[in-house]
Structure formats: structure tokens, C-alpha cells
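Visitor:
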Amino acid sequence: MAEQEFHPGSVPVAVVARIYGKDASWVRAGIVSGWLPIGKATRNGKLVTSIEEIDSRYGRTNFYISPKLLYEETGFLWKGERR
């Protein structure tokens with residue numbers, strides 16, 4: 112069986128929300144809380160692991176969603192689409 116090739120970069124939260132049929136905030140909360148194991152949330156290079164830390168008063172939270180982990184969880188192969 113051939114090795115699957117994945118598009119480089121992070122899958123947008125909007126794409127993941129559409130795949131799961133949920134709101135983008137559900138995706139963000141799942142990643143931060145750890146029950147949606149498809150990526151990481153960071154701020155200023157530090158891992159964000161609490162819902163309270165997502166608050167915009169603390170600064171921008173960046174989300175990295177792995178195309179490979181998303182594929183393993185859902186079977187969806189991301190090809191670089193933004194929506």
C-alpha cells in the first residue's frame with residue numbers, strides 16, 4: 112500500500128468545522144481541551160491547554176491542525192482548500 116501524501120500547512124478551522132458539522136468554536140474548544148486530537152493551540156510559542164486561556168484579552172491564539180491527524184480521525188484528505 113502506498114504512503115499517503117498530505118498537503119503542507121495547517122488545515123483551516125473553518126474546514127474542520129464543516130467536516131464535523133459543528134461550529135468553529137467547538138473545534139477550537141476540542142483542540143484546547145484535548146478531546147479532539149487533531150492539532151495544537153499556541154500563544155506566543157506556549158501551548159494553550161485551558162478554555163479560559165482562549166480569551167482574546169490574552170492575545171491571539173494560533174491553531175495548527177494536522178492534515179495527517181485529521182485524516183486518521185475522519186478519513187478526510189485535505190487538499191489545500193480554504194473553506
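Residue numbers for the sequence shown follow my numbering, so the first one is 112 and each next one is one higher. Just so you know, even glycine gets a beta-carbon here, dropped at the ideal spot from N, CA and C. Here the structure is a predicted model, which is why all the values come from computation and not from measurement.
Which first and last residues belong to the beta strand (DSSP E) in which ILE176 is found?
Guide: Looking at the DSSP string, the run of the beta strand (DSSP E) that includes ILE176 is 173-176.
Visitor: Assign ARG154 to one of three DSSP states: helix, strand, or coil.
Guide: Strand.
Visitor: In this structure, how does DSSP classify THR160 when only helix, strand and coil are distinguished?
Guide: It is coil, neither helix nor strand.
Visitor: Helix, strand or coil: which one does DSSP assign to VAL122?
Guide: Of the three classes helix, strand and coil, the one that applies to VAL122 here is coil, per DSSP.
Visitor: Quick one: what's got a C-beta closer than 7 Å to TYR169's C-beta in the same chain, skipping five residues either side?
Guide: Around TYR169: ARG154.
Visitor: Spatial neighbours of HIS118 within its chain, please: CB distance less than 8 Å, with the 5 preceding and 5 following residues excluded, ordered by chain position.
Guide: For HIS118, where only same-chain residues beyond five positions count, the Cβ hits under 8 Å are PRO178, TRP189, LYS190 and GLY191.
Visitor: Look up GLY186 in the DSSP assignment and say whether it is helix, strand or coil.
Guide: Correct three-state label for GLY186: coil.
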